[in-house]
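The listed protein sequences derive, respectively, from chains A and B. Heads up, the first sequence is in numbering that gives the first Met the number 0, so the first residue is 0 and it goes up one at a time. Heads up, the second sequence is in numbering that gives the first Met the number 0, so the first residue is 0 and it goes up one at a time. Cβ coordinates follow ideal geometry from the N, Cα and C atoms, glycine included. It should be emphasised that the depicted structure is a prediction, and the values quoted were computed from it without experimental measurement. Here the structure is laid out as structure tokens; the discussion comes afterwards.
Protein chains: 2
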Amino acid sequence: MKNFKKITLNENEMPTKWYNIMADMPNKPLPPLHPATKEPITPEDLLPLFPMELIKQEAATDRFIDIPEEVLELYKTYRPSPVFRASALEKAIGTSCKIYYKYEGLSYAGSHKANTAIPQAYYNKMEGVKKLTTETGAGQWGSALSFACQYFGIDLEVFMVKISYEQKPYRKMMMNTYNASVIPSPSNLTEAGQQILNQDPDSPGSLGIAISEAVERAAKNPDVKYSLGSVLNHVLMHQTIIGEEALLQMEKAGDYPDIIVGCFGGGSNFSGISFPFIRENILNGKNTRMVAIEPASCPKLTRGKFMYDFGDSVGLTPLLAMYTLGHNFVPAKIHAGGLRYHGAGVLVSQLLKDGLIEAQSKYQKECFDNGVLFARTEAIIPAPEANYAITGAIDEAKKADKEGTPKTILFNLSGHGHFDLMAYDKYFSGELVDHELADAEINASLAKIS
Amino acid sequence: MKNFKKITLNENEMPTKWYNIMADMPNKPLPPLHPATKEPITPEDLLPLFPMELIKQEAATDRFIDIPEEVLELYKTYRPSPVFRASALEKAIGTSCKIYYKYEGLSYAGSHKANTAIPQAYYNKMEGVKKLTTETGAGQWGSALSFACQYFGIDLEVFMVKISYEQKPYRKMMMNTYNASVIPSPSNLTEAGQQILNQDPDSPGSLGIAISEAVERAAKNPDVKYSLGSVLNHVLMHQTIIGEEALLQMEKAGDYPDIIVGCFGGGSNFSGISFPFIRENILNGKNTRMVAIEPASCPKLTRGKFMYDFGDSVGLTPLLAMYTLGHNFVPAKIHAGGLRYHGAGVLVSQLLKDGLIEAQSKYQKECFDNGVLFARTEAIIPAPEANYAITGAIDEAKKADKEGTPKTILFNLSGHGHFDLMAYDKYFSGELVDHELADAEINASLAKIS
Numbered sequence: 000m001k002n003f004k005k006i007t008l009n010e011n012e013m014p015t016k017w018y019n020i021m022a023d024m025p026n027k028p029l030p031p032l033h034p035a036t037k038e039p040i041t042p043e044d045l046l047p048l049f050p051m052e053l054i055k056q057e058a059a060t061d062r063f064i065d066i067p068e069e070v071l072e073l074y075k076t077y078r079p080s081p082v083f084r085a086s087a088l089e090k091a092i093g094t095s096c097k098i099y100y101k102y103e104g105l106s107y108a109g110s111h112k113a114n115t116a117i118p119q120a121y122y123n124k125m126e127g128v129k130k131l132t133t134e135t136g137a138g139q140w141g142s143a144l145s146f147a148c149q150y151f152g153i154d155l156e157v158f159m160v161k162i163s164y165e166q167k168p169y170r171k172m173m174m175n176t177y178n179a180s181v182i183p184s185p186s187n188l189t190e191a192g193q194q195i196l197n198q199d200p201d202s203p204g205s206l207g208i209a210i211s212e213a214v215e216r217a218a219k220n221p222d223v224k225y226s227l228g229s230v231l232n233h234v235l236m237h238q239t240i241i242g243e244e245a246l247l248q249m250e251k252a253g254d255y256p257d258i259i260v261g262c263f264g265g266g267s268n269f270s271g272i273s274f275p276f277i278r279e280n281i282l283n284g285k286n287t288r289m290v291a292i293e294p295a296s297c298p299k300l301t302r303g304k305f306m307y308d309f310g311d312s313v314g315l316t317p318l319l320a321m322y323t324l325g326h327n328f329v330p331a332k333i334h335a336g337g338l339r340y341h342g343a344g345v346l347v348s349q350l351l352k353d354g355l356i357e358a359q360s361k362y363q364k365e366c367f368d369n370g371v372l373f374a375r376t377e378a379i380i381p382a383p384e385a386n387y388a389i390t391g392a393i394d395e396a397k398k399a400d401k402e403g404t405p406k407t408i409l410f411n412l413s414g415h416g417h418f419d420l421m422a423y424d425k426y427f428s429g430e431l432v433d434h435e436l437a438d439a440e441i442n443a444s445l446a447k448i449s
Numbered sequence: 000m001k002n003f004k005k006i007t008l009n010e011n012e013m014p015t016k017w018y019n020i021m022a023d024m025p026n027k028p029l030p031p032l033h034p035a036t037k038e039p040i041t042p043e044d045l046l047p048l049f050p051m052e053l054i055k056q057e058a059a060t061d062r063f064i065d066i067p068e069e070v071l072e073l074y075k076t077y078r079p080s081p082v083f084r085a086s087a088l089e090k091a092i093g094t095s096c097k098i099y100y101k102y103e104g105l106s107y108a109g110s111h112k113a114n115t116a117i118p119q120a121y122y123n124k125m126e127g128v129k130k131l132t133t134e135t136g137a138g139q140w141g142s143a144l145s146f147a148c149q150y151f152g153i154d155l156e157v158f159m160v161k162i163s164y165e166q167k168p169y170r171k172m173m174m175n176t177y178n179a180s181v182i183p184s185p186s187n188l189t190e191a192g193q194q195i196l197n198q199d200p201d202s203p204g205s206l207g208i209a210i211s212e213a214v215e216r217a218a219k220n221p222d223v224k225y226s227l228g229s230v231l232n233h234v235l236m237h238q239t240i241i242g243e244e245a246l247l248q249m250e251k252a253g254d255y256p257d258i259i260v261g262c263f264g265g266g267s268n269f270s271g272i273s274f275p276f277i278r279e280n281i282l283n284g285k286n287t288r289m290v291a292i293e294p295a296s297c298p299k300l301t302r303g304k305f306m307y308d309f310g311d312s313v314g315l316t317p318l319l320a321m322y323t324l325g326h327n328f329v330p331a332k333i334h335a336g337g338l339r340y341h342g343a344g345v346l347v348s349q350l351l352k353d354g355l356i357e358a359q360s361k362y363q364k365e366c367f368d369n370g371v372l373f374a375r376t377e378a379i380i381p382a383p384e385a386n387y388a389i390t391g392a393i394d395e396a397k398k399a400d401k402e403g404t405p406k407t408i409l410f411n412l413s414g415h416g417h418f419d420l421m422a423y424d425k426y427f428s429g430e431l432v433d434h435e436l437a438d439a440e441i442n443a444s445l446a447k448i449s
């Protein structure tokens, strides 16, 4: 095995197909249901929200789907992304494990979200769409889509979760620079937003609420479509470029991961890195553990319930069969805004139910401890979301050391923290707190699901 | 010629030597003079400030200097950096020219400054230094050195120009995350700072003032050395890794630049991209024009005087033979903080005097116009400093189109603007102004030089 620091791929080695895990799942996910009729939705039901090509991808069963030329061209502005050996971090924690990370923070918007923003904007453009709406939590998704829309000549309106809008003003400015308009959510622009504000004028917002607002705007306007940055099958599939590259890079390094770790909000970066390796487990007898890390304050995978629930807070989306804390659940104001979502994508939920992936939860403060250690050893200041993946990787390494069986660990560093330095500032000044979540609160939220 | 979007190098193609232009200059630069005796300084004079290895590099005449293994190792966390063909920008401005850019914003601190921060911290560590002081303008240099010092186990104290400290709070937080302490300059910690504050309690600071403070701290404390992010010969030499890579990349693209453009503060990023190409002009009969772009509000190259002057505001550094506006010159508060410096490096000054490079000045607002256009086409939001290089490249392209002789242009995109979004916000709200600088003001400043 060569002792690389950075394992790169050339432009011409970049994979040209996305992987569709639907083809290889032992149990296919349950179908989405129409919110009114409770019958499986049809492609026509989704047409007010999405272009037909994405609707087809949502239900596709082909194992691989070609990435369009125009999308590959834009991918090449920041892809293939590097895999690093975390040698300085390994030394700092004194582990015998090998820790690698795939770094998605080199994209123009600083995270993996560009991987699906680009094809979504592209397919909308191909079907003549002139305006999109979307939601964003920490702002990673919103800024990724802002440039993609600008590039393809589409207007964009972003509903940004209010707490993130206040914590991360630079993200808003970034979206403006890319020519998008940004609205703090909940807002008075939609009935959904008004409904929330009537209940709680000081609502910090949530991804679920922001989704309701964006979906409502698209549903009510035939000239506007909607775009989602996580959860849905086609979104998760677009992210598999991460894992497909990582497979090639691990081969170049002459190594293979025993454990893959990703942080978990709706599932997109975790799926991106893990799905191609799950395929290797299923088809090629590999035996890699896939570990999703969620915040202890928003623990749908470890403490939620597998059931049909809405993807948004108000109940405008189809019902999805997923692990959920209830669509009314408003998570505590942790700084990992991208992980503050009540449910998990349908594909990931089914995989967890079937034991093909695992989940763990971590507290905010230990994640920042590890994020700072990572910055001071590996040089990259991670996004607060990515600190959960770092913590998962470090904890697995320590466990393996304790057991005397060193492992090879690969985690996804989904984005940098250049826009999240206020959170680091609060960490250093001792203002970050951990949020204990009582069973009663989860049960009360789940009980509200009709 | 292949139609690449991104031209990359593999880790093993990365150059392993810096280029020392001193070896090939037709006229060698004049020696630095001791501030008290006005005699050429000796290596011993510099020992309170710098480790011996950097003092040797400052006066070295070898054409190439080996990059130490440990430095190469850290370079590999973000190098080789890509060269992009700016095809979307070309299309937007409708030029027949080919525009390429070398992108240095992928380093951990978001700019080219890491290229010299790493070797400077390394050589200090090798000579047992435990603490460094430095100055920073926009914060690019301070954050690059913060991580490098942390990595090599050196404490760091950063004097940050006050106007930038206020405009760019995230840069301070970034340095703190890398474990450095940051002081707004002018401060009361030094006699130099007190002297400035006595004259003007509201002084916005300048790089010259911050250098005075950092130099004073090192000069008065035998356990502390000083580190500078631009101007000096060894700093400019460390940056030549940029141009050495770019030479290989242009060859891969099957192309060669007619014009090279870089923004200009003290000279480090401009020298980094241009020096290796100047060597090709001198030794191999190439005929590339090298164009330095400075702000119209700080025009030492285009309106300054070639003479001996201090590198700092108070007069603690050696006297350097350079183009200068006078060491007391306090530039207008433009957002390109890294370009607010009164003088130009000795090497670059001599090259300009001898006609081996050219200089132009640009106004702030047109630079932001072009920076926004660049972000909306090429996806990367540039640092305000880099907007000057973009403007230089676009203006040269338009000129060539007008003359009917399309050129190949390569510019250095020295860093991203993730920490400078407040400046973009001001641009969009119409708050950015251009600063007209009267001859009388420059003459008055120059008259103060004794």
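Bridge partners of residue i, per DSSP?
i	result
A291 (chain B)	B:G261, B:A358
H415 (chain A)	A:P381
Y225 (chain B)	B:T132
G342 (chain A)	A:T323
Y18 (chain B)	B:F63
K536 (chain B)	No information on residue 536 (chain B) is available, as it lies outside the stretch 0 to 449 that chain B covers here.
F309 (chain A)	A:L318
On the premise that residue j lies in contact with residue i, defined as a C-beta separation below 8 Å, what is that separation, rounded to the nearest angstrom?
i	j	result
G342 (chain A)	K304 (chain A)	The pair is not a contact, with the Cβ atoms about 10 Å apart (cut-off 8 Å).
F274 (chain A)	Y100 (chain A)	Actually they are not in contact, since the Cβ atoms of F274 (chain A) and Y100 (chain A) sit about 18 Å apart, beyond 8 Å.
H233 (chain A)	L346 (chain A)	H233 (chain A) to L346 (chain A), Cβ: 10 Å. No contact.
D257 (chain A)	T287 (chain A)	6 Å
G414 (chain B)	G109 (chain B)	5 Å
P317 (chain B)	P34 (chain B)	6 Å
S205 (chain B)	V160 (chain B)	6 Å
DSSP three-state call for residue i: helix, strand or coil?
i	result
M421 (chain B)	helix
N268 (chain B)	helix
N26 (chain A)	coil
E430 (chain B)	coil
M249 (chain A)	helix
E52 (chain A)	helix
R78 (chain A)	coil
T407 (chain B)	strand
Y387 (chain B)	helix
M13 (chain B)	coil
L46 (chain B)	coil
L32 (chain B)	strand
For chain B, check one thing: does any of its Cβ atoms lie closer than 9 Å to the Cβ of residue i?
i	result
H417 (chain A)	yes
M0 (chain A)	With a pLDDT of 41 at M0 (chain A), under the threshold of 50, the modelled position of this residue cannot be trusted; read the value that follows with caution. No, M0 (chain A) does not count as interfacial toward chain B.
F146 (chain A)	yes
K75 (chain A)	yes
Q193 (chain A)	no
Y387 (chain A)	no
Can you list the residues of chain D that residue i reaches, using a CB-CB cut of under 8 Å?
i	result
E72 (chain A)	The structure shown contains no chain D; the protein chains it does contain are A and B.
Could you tell me whether the Cβ of residue i comes closer than 9 Å to any Cβ of chain A?
i	result
G414 (chain B)	no
A392 (chain B)	no
T407 (chain B)	no
D424 (chain B)	yes
A382 (chain B)	no
TODO: Return the chain-ordered ranges of every beta strand (DSSP E) run that is complete within the region 174 to 198 of chain B and spans a minimum of 3 residues.
DONE: Restricting attention to beta strand (DSSP E) runs no shorter than 3 residues, the region 174 to 198 of chain B encloses them at 180 to 184, ordered along the chain.
Open item on the list: Threshold first: 4 residues or longer. Then list the alpha helix (DSSP H) segments lying entirely within the region 94 to 130 of chain A, N to C.
Closed with: Runs of the alpha helix (DSSP H) inside the region 94 to 130 of chain A: 113 to 125.
Task: Uninterrupted alpha helix (DSSP H) stretches inside the region 146 to 176 of chain B (no shorter than 4 residues) - done: For the region 146 to 176 of chain B, whole alpha helix (DSSP H) runs of length 4 or above, ordered along the chain, are 161 to 166, 168 to 176.
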